[in-house]
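Okay, so the sequence shown: first residue is -19 according to our numbering, each after it adds one. A virtual CB, placed ideally from N, CA and C, is assigned to each residue, including glycine.
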Amino acid sequence: MTSTERELYRNEKCQYCGKMGHIEKICWWVPKKPTQSDDIPQALAALTLDNTIAKTKWTSDIGASNHMIGKPSMLNNIQKYSGTNSVLIGDGSSLPILGTGDSFIKQRNVTLPLHDVLLVPSLTKNLLSISQLTKQFPVNCEFSNVDFCVKERETGKPMITGRRKGDLYVLSPSPELHYSHRFKSRSADTWHQRLGHPQTIALQLLKNKGLIDVVGKVKYEHLCDSCQLGKLNKLPFSSSKHSSSAIFEKIHCDLWGPAHI
């Protein structure tokens, strides 16, 4: 980029990589004409991919020699690729490699970092190389006709799972939690009513996990009028064979109360 172009596009945002200071037609991330090499990375699943980039999903590829991704915005620590290799796909054509970077797979409480991920802008899916995954981590990958699972090699404990979609095995991340900007703290009594009158211990558990914001402490001695009324039982009056014939001969006493109703 010349000094004139740098000044001209200083406040412009590239529609391809999303960075400021240039436009798409001079963006160095835009793929150039591919070069040939004897040592060519493989991406055998690339022919069956859709046209839309799935930013948060990985497609497992047994034939891929490296992890590959299609958009620079999906990578951290991006380095410009200085090699001459390209990615060979099933029809014999090749796709250019523009850079390398770091990414990760996150599902539930498991996070697997992925390094040296190839940036291949022509790809329309993120390809997870099974050979690289089993090489980088002590894991085994099991496939069935409906899903696949990444397990710890020693314990067999499941770490990451995916589903079969068509002829591909797709790994989806855990859904993210999004909170409203109008989210405010409320009293334990208000949360108790909003959540359908759960037990106090349940409110305390939600507060400890940060799922609700409670003003003050959750009091275990809290009494809810609706809960008391909802749990009342009416016992039947049994038949009595005794008949009173004088005042105060038989007295009925109510020893419970007072009720906060």
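Query                                                                                                                  : Result
Selection from 38, 44, 45, 43 that minimises the alpha carbon distance to residue 51                                   : 38
Cβ neighbour criterion (16 or more within 10 Å) applied to residue 68                                                  : buried
Three-state secondary structure (DSSP) of residue 3                                                                    : coil
Entirely enclosed alpha helix (DSSP H) segments - the stretch 95 to 129, minimum 4 residues                            : 110 to 116
Straight-line Cα distance separating residue 231 from residue 225                                                      : 12 Å
Residues bridged to residue 228 [DSSP beta-bridge criterion]                                                           : Answer is none; residue 228 lacks a bridge partner.
Close Cβ partners of residue 198 (< 8 Å) along its chain, the five nearest in sequence each way excluded               : 168, 180, 183, 184, 187
Stretch-stretch touch, CB-based, cutoff 8 Å, three pairs: the stretch 40 to 54 with the stretch 100 to 114             : yes
Assigned exposure category for residue 29 - 16 Cβ within 10 Å defines buried                                           : Low confidence applies here, because residue 29 scores a pLDDT of 38, under 50, leaving its location unreliable; read the following figure in that light. Per the 10 Å Cβ criterion, buried.
Three-way DSSP call (helix, strand, coil) for residue 174 in this model                                                : helix
Contact set for residue 177: own chain, Cβ-Cβ below 6 Å, skip 5 residues either direction                              : 207
Cβ pair residue 99, residue 81 closer than 8 Å                                                                         : yes
Close-in-space but distant-in-sequence residues of the same chain around residue 56 (CB under 8 Å, 5 per side omitted) : 81, 82, 83
CB contact check: residue 234 to chain D, cutoff 8 Å                                                                   : Looking for chain D here will not work: only one protein chain is present.
Sequence-distant residues of the same chain with beta carbon closer than 6 Å to residue 92, five excluded per side     : 85
Where residue 188 sits in the DSSP three-state scheme                                                                  : helix
Local Cβ density within 10 Å of residue 62, reported as buried at 16 or more and exposed below that                    : exposed
For residue 84, the residue or residues it bridges with in DSSP                                                        : 93
Backbone CA spacing between residue 174 and residue 194 [nearest angstrom]                                             : 12 Å
DSSP state of residue 220 mapped onto helix, strand, coil                                                              : coil
Terminal residues of the beta strand (DSSP E) in which residue 136 lies                                                : Run containing residue 136: none; DSSP gives neither H nor E here.
Nearest-angstrom Cβ-Cβ length linking residue 136 and residue 40, presumed shorter than 8 Å                            : The Cβ separation is near 19 Å, so there is no contact.
Where residue 64 falls: helix, strand or coil (DSSP)                                                                   : coil
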